[in-house]
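Enquirer: Quick one: the structure is below, questions incoming.
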Amino acid sequence: MPSLVQQVRDAGVIGAGGAGFPAYKKIDARVDTVIANGAECEPLLFKDKVLMENYAAEMIDGLQLVMQHTGARKGIIAIKHKNRKAIAAVSTHLRENISLFEMEDVYPAGDEYEVVYHSTGRRIPGGGLPLHIGVVVQNVETLYHIHRAAQGQPVTHSLMTIHGHVKQPLTAWFPVGMSYGEALQVAGGATIDDFVLLDGGPMMGKVVTDLDTPVTRVTSGIIVLGRNTHLTERKMQSEQAFKRIGKSACDQCSLCTEMCPRYLLGYPIQPHLVMRSLLTTGPMSGTLTHWAQACCECNICTLWACPEELDPRNVCVVTKRDLKQQGKWLSPEQLQKL
4 MPSLVQQVRD AGVIGAGGAG FPAYKKIDAR VDTVIANGAE CEPLLFKDKV LMENYAAEMI
64 DGLQLVMQHT GARKGIIAIK HKNRKAIAAV STHLRENISL FEMEDVYPAG DEYEVVYHST
124 GRRIPGGGLP LHIGVVVQNV ETLYHIHRAA QGQPVTHSLM TIHGHVKQPL TAWFPVGMSY
184 GEALQVAGGA TIDDFVLLDG GPMMGKVVTD LDTPVTRVTS GIIVLGRNTH LTERKMQSEQ
244 AFKRIGKSAC DQCSLCTEMC PRYLLGYPIQ PHLVMRSLLT TGPMSGTLTH WAQACCECNI
304 CTLWACPEEL DPRNVCVVTK RDLKQQGKWL SPEQLQKL
């Protein structure tokens with residue numbers, strides 16, 4: 004009989020929480036704790052909540068399989084405290100070595116670093132992985148797919164939410180490869196004429212205008228927005244524009260840093276210094292711009308913290324891109340010395 008790693012690989016299971024990291028690589032390790040991440044935090048997305056309410060037994064079986072394979076003695080299921088129906092469903096299937104951890108209803112509660120820190124008290128090294136502290140984290144839908152993989156079932160559908168300007172918002176299974184336009188029809192179609200789609204939630208989602216874009220294994224939701232809404236306009240701003248505006252208007256108030264969840268956990272990330280680099284040495288800087296490397300791209304700095312509606316998140320994103328292209332990306336050990 005093939006190993007769980009081989010079964011998961013053959014079934015095409017990847018991280019369903021958004022990153023799409025191959026699940027077989029995560030579970031091919033020895034750890035003491037496995038965390039099922041159900042702390043869904045993107046506004047308007049409900050696929051993890053719906054999965055736990057309806058497939059709790061299958062998800063927990065997947066968690067147990069990963070625990071057995073990795074040698075983990077402890078399993079933790081992280082769910083937001085407000086999701087009482089999901090908590091009730093999961094609670095009926097808990098096993099002796101698996102416990103529930105209720106997260107606060109805050110954003111970004113579902114961030115891997117946040118989940119690990121709050122549920123275990125351990126801190127992932129900056130630039131590191133949960134594996135470095137003896138932990139594996141898998142999204143709850145990923146664990147559901149691992150349960151199916153152990154039975155020889157490949158990943159053919161993705162659980163996703165369709166919301167926004169549609170006739171019937173819903174969360175359902177959609178076949179991988181189905182077009183976004185076809186998926187919208189399942190929700191009754193758009194209720195406005197001039198619209199764009201958000202692939203993902205309003206905080207981290209990306210604007211999509213092509214209705215032929217296919218559903219993938221990491222598609223978590225589609226939100227229909229008016230083309231001229233404020234959020235759409237902000238997300239469609241060009242790199243040239245957000246750099247030019249940021250260079251001229253940032254007053255270094257540092258609210259983007261003070262409200263950054265990774266900064267509050269003690270990681271070397273300071274968006275206001277990245278914004279400052281636009282004025283001084285630009286994105287070519289080999290010093291100030293390293294403060295962007297630990298950015299998790301949650302968008303709190305841009306959509307919530309900045310009083311001038313600048314875009315420190317995307318400045319951090321393109322800075323990380325430039326650091327990689329220039330061969331200036333720091334190792335976790337180097338990053339900790341900033």
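The sequence shown finishes on residue 341 if you use the numbering used here, and the numbering steps up by one all the way, no holes. Every residue, glycine too, gets a C-beta built ideally from N, C-alpha and C. As the structure is a computational prediction, the values presented were derived from the model and not from experiment.
Are the CB atoms of A39 and L146 nearer to each other than 8 angstroms?
Expert: The residue you call residue 39 lines up with position 36 of the sequence shown. The residue you call residue 146 lines up with position 143 of the sequence shown. Cβ atoms of A39 and L146: closer than 8 angstroms.
Enquirer: So V34 packs on V158, CB below 8 angstroms; how close in whole Å?
Expert: Taking the first residue of the sequence shown as position 1, residue 34 is located at position 31. Taking the first residue of the sequence shown as position 1, residue 158 is located at position 155. Contact flag wrong, Cβ pair sits at about 23 angstroms.
Enquirer: Looking only at its chain, what residues have a beta carbon closer than 8 angstroms to the beta carbon of D196, apart from the 5 residues adjacent to it on each side?
Expert: Counting from one through the sequence shown, the residue named residue 196 turns up at place 193. Here the set comprises nothing.
Enquirer: In terms of residue numbering, what span does the beta strand (DSSP E) encompassing A81 cover?
Expert: Locating residue 81 in the sequence shown gives position 78, counting from the first residue. Element bounds for A81: K77 to K83.
Enquirer: Please list, in chain order, all residues of the same chain as R247 whose beta carbon is under 7 angstroms from its beta carbon, the five residues on each side excluded.
Expert: Residue 247 sits at position 244 when you count from the first residue of the sequence shown. Excluding residues within five positions, none has a Cβ falling inside 7 angstroms.
Enquirer: Return the residue from the list C304, V179, T123 and L201 that minimises the CA-CA distance to G167.
Expert: On the sequence shown, residue 167 is found 164 positions in, with the first residue counted as 1. Nearest of C304, V179, T123 and L201 to G167, Cα basis: L201.
Enquirer: According to DSSP, is Q328 helix, strand or coil?
Expert: By one-based count along the sequence shown, residue 328 stands at place 325. Residue state, collapsed to three classes: helix.
Enquirer: List the residues that DSSP assigns as beta-bridge partners of L162.
Expert: Taking the first residue of the sequence shown as position 1, residue 162 is located at position 159. DSSP, once it has assigned bridges, lists W176 as partnering L162.
Enquirer: What are the start and end residues of the beta strand (DSSP E) that includes I38?
Expert: Working through the sequence shown from its first residue, we reach residue 38 at position 35. Counting along the chain, the beta strand (DSSP E) containing I38 begins and ends at T36 to G41.
Enquirer: DSSP state of I272, grouped into three classes?
Expert: Looking up residue 272 in the sequence shown gives position 269. I272: coil per DSSP, three-state reduction.
Enquirer: To the nearest angstrom, how far is the alpha carbon of P128 from that of K327?
Expert: What you label residue 128 is simply residue 125 of the sequence shown in a count that begins at 1. What you label residue 327 is simply residue 324 of the sequence shown in a count that begins at 1. Cα to Cα, P128 sits roughly 20 angstroms from K327.
Enquirer: Which residues in the same chain have their Cβ closer than 7 angstroms to the Cβ of S288, if we skip the five residues on either side of it in sequence?
Expert: For this step, residue 288 is matched to residue 285 along the sequence shown. Any answer about S288 is weak, because its pLDDT of 48 lies below 50 and its placement is not dependable; what the coordinates show is given next. Closer than 7 angstroms at Cβ, skipping near neighbours: S280.
Enquirer: So, under 8 angstroms CB-CB, Q48 and I82 are touching, yes? Tell me the CB distance rounded to an integer number of Å.
Expert: For the purposes of this step, residue 48 is taken as residue 45 along the sequence shown, with counting starting at 1. For the purposes of this step, residue 82 is taken as residue 79 along the sequence shown, with counting starting at 1. For the record, residue 48 in the displayed sequence is Leu; it is not Gln. Their Cβ separation, rounded to whole angstroms, is 15 angstroms, which puts L48 and I82 out of contact at 8 angstroms.
Enquirer: Please identify the residue among I79, P315, Y270 and G155 whose C-alpha is closest to the C-alpha of Q242.
Expert: Here residue 242 corresponds to residue number 239 of the sequence shown, with the count starting at 1. Before going on, a small fix: residue 242 reads as Glu here, not Gln. For E242, the nearest C-alpha among the options comes from P315.
Enquirer: Does DSSP put P3 in a helix, a strand or coil?
Expert: Within the shown structure, residues of the chain are numbered from 4 to 341, placing residue 3 beyond reach of any answer.
Enquirer: Between which residues of its own chain and K85 is the CB-CB distance below 7 angstroms, once the five residues before and five after are set aside?
Expert: If you number the sequence shown from 1, residue 85 lands on position 82. Correct list, in chain order: D108.
Enquirer: What are the boundary residues of the alpha helix (DSSP H) that L234 is part of?
Expert: As a working note, residue 234 is residue 231 in the sequence shown. H233 to K238 is the span of the alpha helix (DSSP H), which, as asked, contains L234.
Enquirer: Excluding the five sequence neighbours on either side, which residues of its own chain have a C-beta within less than 7 angstroms of the C-beta of L258, listed in chain order?
Expert: As a working mapping, residue 258 is identified with position 255 in the sequence shown. A308, C309 and P310, listed in sequence order.
Enquirer: Considering just the uninterrupted stretch of the beta strand (DSSP E) at G224, what are its terminal residues?
Expert: Reading the sequence shown from its first residue, position 221 is the one you call residue 224. From DSSP, the beta strand (DSSP E) with G224 extends over G224 to G229.
Enquirer: Quick one: Cα of P46 to Cα of A19, how far?
Expert: Here residue 46 refers to the residue found at position 43 of the sequence shown. Here residue 19 refers to the residue found at position 16 of the sequence shown. Taking the straight line from one Cα to the other gives about 17 angstroms.
Enquirer: Short of 7 angstroms in beta carbon distance, which residues of its chain neighbour L54, apart from the five on each side in sequence? Order them along the chain.
Expert: For the purposes of this step, residue 54 is identified with residue 51 of the sequence shown, where counting begins at 1. The answer, listed in chain order, is M62, V143, E144, Y147 and L162.
Enquirer: Identify, in the order they occur along the chain, each residue of the same chain with its Cβ nearer than 8 angstroms to the Cβ of G249, setting aside the five sequence neighbours on each side.
Expert: Stepping through the sequence shown from its first residue, residue 249 is reached at position 246. These residues qualify, in order along the chain: M278, L281, L313, D314, P315 and V318.
Enquirer: Within the continuous beta strand (DSSP E) that includes V139, where are the two ends?
Expert: What you label residue 139 is simply residue 136 of the sequence shown in a count that begins at 1. Residues V138 to N142.
Enquirer: Please state whether the Cβ-Cβ distance between R87 and Q67 is less than 8 angstroms.
Expert: Here the question's residue 87 lines up with position 84 in the sequence shown. Here the question's residue 67 lines up with position 64 in the sequence shown. Contact: no.
Enquirer: Within its chain, find whatever has a CB closer than 7 angstroms to the CB of T290; leave out the 5 residues flanking it on each side and keep chain order.
Expert: Counting from one through the sequence shown, the residue named residue 290 turns up at place 287. Any reading at T290 needs caution, since the residue's pLDDT is 45, under 50, leaving its predicted position unreliable; the model's value is listed next. Counting only Cβ-Cβ distances below 7 angstroms, and skipping sequence neighbours, we find nothing.
Enquirer: To the nearest angstrom, report how far apart I17 and Y27 are at their CA atoms.
Expert: Indexing the sequence shown from 1 puts residue 17 at position 14. Indexing the sequence shown from 1 puts residue 27 at position 24. Answer to the nearest angstrom: the Cα atoms are 8 angstroms apart.
Enquirer: Closest by CA to C298, which one among I149, G130 and T219?
Expert: Looking up residue 298 in the sequence shown gives position 295. The option with the nearest alpha carbon to C298 is G130.
Enquirer: Check this for me: beta carbons of K229 and F198, under 8 angstroms apart or not?
Expert: Mapped onto the sequence shown, residue 229 falls at position 226. Mapped onto the sequence shown, residue 198 falls at position 195. As written in the sequence, residue 229 is Gly, which differs from the Lys given in the question. Yes, the Cβ-Cβ distance between G229 and F198 is below 8 angstroms.
Enquirer: The alpha helix (DSSP H) spanning S102 covers which residue range?
Expert: Counting from 1 along the sequence shown, the entry for residue 102 is found at position 99. Careful: S102 lies outside any alpha helix (DSSP H), inside the beta strand (DSSP E) at I101 to M106.
Enquirer: Run through the DSSP bridge pairs and tell me what A193 is partnered with.
Expert: By one-based count along the sequence shown, residue 193 stands at place 190. DSSP lists V169 as partners of A193.
Enquirer: Flag this pair as yes or no: are the beta carbons of G23 and R220 separated by less than 8 angstroms?
Expert: On the sequence shown, residue 23 is found 20 positions in, with the first residue counted as 1. On the sequence shown, residue 220 is found 217 positions in, with the first residue counted as 1. Going by C-beta atoms, G23 is nearer than 8 angstroms to R220.
Enquirer: If you draw a straight line from the alpha carbon of I30 to that of A75, how long is it in whole angstroms?
Expert: As a working mapping, residue 30 is identified with position 27 in the sequence shown. As a working mapping, residue 75 is identified with position 72 in the sequence shown. If I take the Cα positions, the gap works out to 11 angstroms.
Enquirer: I'd like to confirm the pairing. Which residues does DSSP put opposite F198 in its beta bridges?
Expert: Here the question's residue 198 lines up with position 195 in the sequence shown. G229, per the DSSP bridge assignment.
Enquirer: Do Q10 and A153 come within 8 angstroms of each other at the CB atom, strictly closer than that value?
Expert: Working through the sequence shown from its first residue, we reach residue 153 at position 150. Working through the sequence shown from its first residue, we reach residue 10 at position 7. Yes, they are a contact pair.
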